[in-house]
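Inspection log for the structure reproduced underneath, given as structure tokens.
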Amino acid sequence: MSEPSIFFSDVNERQGVFVRRTFLLGGLTGAGLMALGGRLLHLQVLEAQRYDKLADSNQFNYRLRPPPRGLILDRNGVVLASNRPNFRLLVAPDEDMDINKTLDELYQLVPLDTSKRGRLYREIKDSPRRAPVSVMEDMTWEEFSRINVRAPELPGVTADMGEVRVYPYGGAFAHVIGYVAKVNDRDVKAAGPNPDPILYHPGFRVGRQGVEKAFDAELRGKPGAQKVEVDARGREVRQDPDGDIPSIPGKEIRLTLDADIQNRALEVMGEESGAVVMMDCRSGDLLCMASTPSFDANRFVRGLTGPEYRALSEYERKPLLDKALSATFPPGSTFKTMTAMAALEKGIDPNKTYVCNGAWYWGGRTWHCDAHHGVQNMHDAIKTSCDVFFYQTALAVGPDFLASVARRFGLGETFDIGIPGQKKGLVPDTAYKKRNFRKDPVWHPGETPSFGIGQGYLHLNPLQLCVMTARIANGKKALNPRLVKSIGGQELPSGAAVPDLPFAPEHIQFVRAAMAAVTESGTAAAVGDLGLGPIKMAGKTGTAQAHSYGSGPRATLHLGWELRDHAWFIAFAPYDDPRYAISVLVQHGGWGASAAAPRAREVMRVALLKDPDVLKRITQPLPPVEPAAPAAPPPAQTTT
Amino acid sequence: MSTTALTRPGERDRPVIKFGQIDWTLCLALTLIASAGGLMLFSVAGSSWSPWAAKHFIRYAACFVLMIGLAMCDLRVWFAMAYPVYAVGLLLLVAVELVGDVSMGAQRWLQLGPVRIQPSEIMKVGVVMALARYYHAMSPASARMSWRLLIPGAMIMIPVGLVAKQPDLGTSLLILFTGVVIMILAGLSWRIIAAGAAAVGAIAPLMYFFVLHDYQRKRIDVLFNPEADPSGAGYHILQSKIALGSGGLLGKGYGLGSQSQLNFLPEKQTDFIFATLAEEFGFAGCFSILFLYGAVIFMALRIASTSHSHFGRLGAAGVTATFALYVLINGAMVMGMAPVVGVPMPLLSYGGTVMLTVMIGFGLVQAVRVHRYSEVTSGKGALL
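Residue numbers (this note's numbering), protein chains in the order written: chain A, 1 to 640; chain B, 1001 to 1384.
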């Protein structure tokens, strides 16, 4: 390369230019550094607090913790629904998780159902970012600790301790209390546009039926939060117990039910299909409301498998149906109390007699009775449950008046007991026919006799019959049933704070006396003796046709189960000081006297023996023994 | 030793004397910066020497030795090597275009036997040396304004174009800026400078709309409004600003930065190491580091201006300009004042190639200092 000659002046000139411009460069660089420093001053000193907050909200997360669900107790404080600890295995997916690999490892550590794997995979894959999915519930302590030891090597996998609902009596209260289940899409949708984030928590449950559903808001409580430090991926790094927000437990709900009575009811019903409802006929408190056969609510909490659910729903005795509230049946002869009541109110003389020859010819057809009762007045007709008497009495009363009296006793009505599912049933009258029968809107006289003996269009639920019995037993007040005694210590209004029945007390007393005769010497004489000394029970049997016999005999027990009569018994006790009223239905059970009445007696005995006042009357102290007369004969144990 | 000793012929070429002439204050400043980097890397790894801190210190030690070695090389050797280094760099850039590894969507690496090299890094020093050599032999008049300026212009634009095509916009801009700075320092006419600035001002908007990739455009957009896309394109800037701001005056304490320790900060060990430092040591720490960078730049520019040879002056100044640009661009990026481009903080960030380039550059600066009285091409003194 040819080098141009450079002269000293040139050298000096370019050195001068270089030095000047380097000075400029240095100045510019310095200015740049100053600008950076100024920016730092702005960010780190003037706006430090703002960024400090932002860093904190990056760093700390609040993890919701579901509150303990409120307990459900019976009237004596016996726990009917509580919570027990539950070791859960959770997987919180993040974007770089190999779900299959994680599941492989988990299947080696804990016994997971291989058939559920596909579902688990989809649940984890579809879960919103960082929302943990419950892979396994109810791990043993060994499994729980095994997962905890391995958790550091399994990103996204955690084992935690939550709570799960438990029903100590299994099926006994299943229809009343209901159960809880996982939150589904419909629950989230129902919660409106801004659903409570606790709904997405894998440990959270919502009430599905009965008290659990109706009082879900009260039982739920307020979720707390756990303060945790997280990294940029949302993984938990550390916990900060000082920053936790405690959860507020759900309110305790106390029912009026009595666990002993309810359990006894379930026992005596055995495999029969039916319902037992008992009320305190002074306060209106429901002491027992059982429907059988029942189902184990704890299995619903865990989640039923397909076959389990099918077995329950396809069984002909319908365990899932609450027969105390949601099913209605013809009340049969138990309704004769109402026919008698209506007749008395109408001014018909109770001493007017009809002759029963086992059948009555009227309107061109034969109306059967189950026996030749002979000459019957109203008292005897209730005692013997004579159909012939009541066919004719009903005709004399007329359907509309009979219906209005029956409604006053609570039939065909629904009551505000807090839980949903009551079926109204039907107490027919001429208006009903006009409304519902377009082609034949007229009430024919021939329809009245059936109505008078509790058949025909009439159908009711066991709760209504119990309310009716309680109102008869109370004799004064139009008692309302109450199921929920208190919520979180706040007492609910009593069922006795109601107006009086608009009937003459002596008329009600007449029906009560006739019911006492039923158990003394009438259709239910076999169960008349409670075995409790002076305590007597009054009642009324009912045998309601479940299908038309035509002109054949009512030999009910030879028929297939679904064709047999429904057996009813209503009763109250003690007769002289009514405290408890009961209605028992044995669906397709045959005769009311043999299928329902003995069961009512057993349940009634439990209630009476639990009542301290009644107990005092039964177990009167022995008379003082004369020291001078050791050979005296043993005194009678009880006196009236 | 006395100054008279140095006036004896040949005395200045003795290794012991040369060693003593190395600017040890500059060495100290560089070491302090690198050590701060090592400390931060230890912290962001969760108080662990691996995977970054130990390697960082070992690399720095090796590079330091290399720098001292290069400082002892006669400036005439540097001068002689200028064109060959540039030529080799250019060849490798072409090679990487043909057979380079694709990493992060860009062809930047070349596998040569056991070594993976980034030819664009070699070019950073190569362009400085070649330009310095070319201007060394140029008259001030031609350096100011003449057709001959097309040659240094081409020397800059060829590697810039090749690197930009990889695509590595950050490095190509760095090379471009460095080249322009050298041209200006060499005496470019203010008229050309003004015209160039005007042209850039006119072309920049066109570049934005027609040349930049989508992701690059987005990076510029979020600069003005990072909150618009806080988890996407704005994430880097936003998290970095949070790290800086939450550091406050004195920082959260060593190893206690939540932004970096919990991985909110992206690229925390490389491009955003400064944000980590800012979070854990606050304004005090940041200011100290910026002061050290300022000191290094000041010392290096003083060395450049005291050199007796034009090659030495432009070489040292060119290296310093590259270094300063690194610092300013990275600083502005971390503080949310410049778009996110892959430019690390020199010596502070983890990364071997950049450290090697920077330390080779300072090898040249130190060599210029050691040989500041020697003229490289006054006929007889020329080695080659």
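All residues carry an ideal CB built from backbone N, CA and C; glycine is no exception.
Own chain residues within Cβ distance below 8 Å of residue i, not counting five before or after
i, result
"Gln464 of chain A", "Gly410, Leu411, Gly412, Glu413 and Gly425"
"Arg84 of chain A", "Glu163, Val164 and Val166"
"Gly1381 of chain B", "Unreliable positioning characterises Gly1381 of chain B in this predicted model, as indicated by a pLDDT of 40, which lies under 50. The coordinate reading is nonetheless provided below. Around Gly1381 of chain B: Arg1076, Ser1374 and Glu1375."
"Thr639 of chain A", "Residue confidence is low: Thr639 of chain A scores 43 on pLDDT, short of 50, so the model does not pin down where it sits. No coordinate-derived value is stated."
C-beta neighbour in chain B for residue i, strict 7 Å
i, result
"Gly26 of chain A", "yes"
"Val228 of chain A", "no"
"Leu46 of chain A", "no"
"Ser5 of chain A", "Residue confidence for Ser5 of chain A is low, a pLDDT of 49 falling below 50, so the modelled location carries little weight; the figure read from the coordinates is stated next. It does not: the Cβ of Ser5 of chain A has no partner Cβ on chain B nearer than 7 Å."
"Thr158 of chain A", "no"
"Asp52 of chain A", "yes"
"Glu13 of chain A", "yes"
"Val91 of chain A", "no"
"Lys39 of chain A", "Per the sequence shown, residue 39 of chain A should be read as Arg rather than Lys. Yes, Arg39 of chain A lies at the interface with chain B (some Cβ there is under 7 Å from its Cβ)."
"Ala55 of chain A", "yes"
"Val19 of chain A", "yes"
"Gln59 of chain A", "yes"
"Gly32 of chain A", "yes"
is_contact[residue i, chain A] using C-beta, thresh 7 Å
i, result
"Ala1032 of chain B", "Looking at the sequence shown, residue 1032 of chain B is not Ala but Leu. So, not an interface residue."
"Leu1250 of chain B", "no"
"Pro1084 of chain B", "no"
"Gly1381 of chain B", "Unreliable placement is indicated for Gly1381 of chain B, whose pLDDT of 40 sits below 50; the coordinate value is still reported in the next sentence. So no, Gly1381 of chain B is outside the interface."
"Pro1152 of chain B", "no"
"Pro1009 of chain B", "no"
"Gly1313 of chain B", "Residue identity check: residue 1313 of chain B is Arg in the sequence provided, not Gly. At least one chain A Cβ lies under 7 Å of Arg1313 of chain B."
"Pro1119 of chain B", "no"
"Pro1140 of chain B", "yes"
"Ser1146 of chain B", "no"
"Gln1111 of chain B", "no"
Given residue i as reference, the closest of the options once Cα atoms are compared
i, options, result
"Asn100 of chain A", "A:Asn86, A:Ala403 and A:Arg122", "A:Arg122"
"Asp613 of chain A", "A:Pro534, A:Asn377 and A:Ala324", "A:Pro534"
"Leu559 of chain A", "A:Gly539, A:Trp591, A:Thr541 and A:Met537", "A:Trp591"
"Ala289 of chain A", "A:Leu501, A:Ala513 and A:Ala265", "The displayed chain sequence assigns Met, not Ala, to residue 289 of chain A. Nearest option by C-alpha distance: A:Ala265."
"Asn377 of chain A", "A:Phe389, A:Ala538 and A:Asp258", "A:Phe389"
"Ala524 of chain A", "A:Trp367, A:Glu506 and A:Ala597", "A:Ala597"
"Ala531 of chain A", "A:Arg601, A:Ala55, A:Arg564 and A:His588", "Note on identity: in this sequence residue 531 of chain A is Gly, with Ala being the wrong assignment. Of the listed residues, the one whose Cα sits closest to Gly531 of chain A is A:Arg601."
"Met1183 of chain B", "B:Ala1332, B:Pro1140 and B:Trp1024", "B:Pro1140"
"Arg1191 of chain B", "B:Met1157, B:Pro1205, B:Thr1171 and B:Ala1143", "B:Ala1143"
"Ala1061 of chain B", "B:Gly1038, B:Gly1046 and B:Val1341", "B:Gly1038"
Contacting residues, own chain, Cβ-Cβ under 7 Å from residue i (five flanking each side not counted)
i, result
"Thr328 of chain A", "Lys423, Gly425, His459, Leu460 and Asn461"
"Asp187 of chain A", "Leu199 and Val206"
"Val405 of chain A", "Met338, Met341, Ala342 and Glu345"
"Ser2 of chain A", "With a pLDDT of 44 at Ser2 of chain A, under the threshold of 50, the predicted position of this residue should be treated as unreliable, and no value is reported."
Helix, strand or coil at residue i [DSSP, three-state]
i, result
"Ala538 of chain A", "strand"
"Ile1022 of chain B", "coil"
"Asn83 of chain A", "strand"
"His642 of chain A", "There is simply no residue 642 of chain A to check, as chain A begins at 1 and stops at 640 in what is shown."
"Arg208 of chain A", "coil"
"Asn100 of chain A", "helix"
"Pro635 of chain A", "Only weak support is given to the placement of Pro635 of chain A: the predicted model assigns it a pLDDT of 49, under 50, and the value that follows is read from those uncertain coordinates. Pro635 of chain A: coil per DSSP, three-state reduction."
"Gly1379 of chain B", "Residue placement at Gly1379 of chain B is flagged as unreliable, the pLDDT there being 45, under the threshold of 50; the coordinate-derived value follows with that caveat. It is helical."
"Leu1292 of chain B", "helix"
"Asn58 of chain A", "helix"
"Tyr309 of chain A", "helix"
"Asp387 of chain A", "helix"
"Gly488 of chain A", "coil"
6 Å CB neighbourhood of residue i in its chain, flanking five on each side removed
i, result
"Gln1385 of chain B", "Residue 1385 of chain B lies beyond the residue range present for chain B, which begins at 1001 and ends at 1384; the question has no answer from this structure."
"Asp429 of chain A", "Pro399, Asp400 and Ala403"
Whole-Å CB distance - residue i paired with residue j, under 8 Å assumed
i, j, result
"Ile618 of chain A", "Thr469 of chain A", "At roughly 22 Å, the Cβ-Cβ gap does not stay under 8 Å, so Ile618 of chain A and Thr469 of chain A are not in contact."
"Leu1301 of chain B", "Thr1320 of chain B", "5 Å"
"Gly475 of chain A", "Arg512 of chain A", "7 Å"
"Leu1325 of chain B", "Thr1171 of chain B", "Their Cβ separation, rounded to whole angstroms, is 11 Å, which puts Leu1325 of chain B and Thr1171 of chain B out of contact at 8 Å."
"Met1389 of chain B", "Leu40 of chain A", "Residue coverage of chain B in this structure runs from 1001 to 1384, which leaves residue 1389 of chain B outside it and unanswerable."
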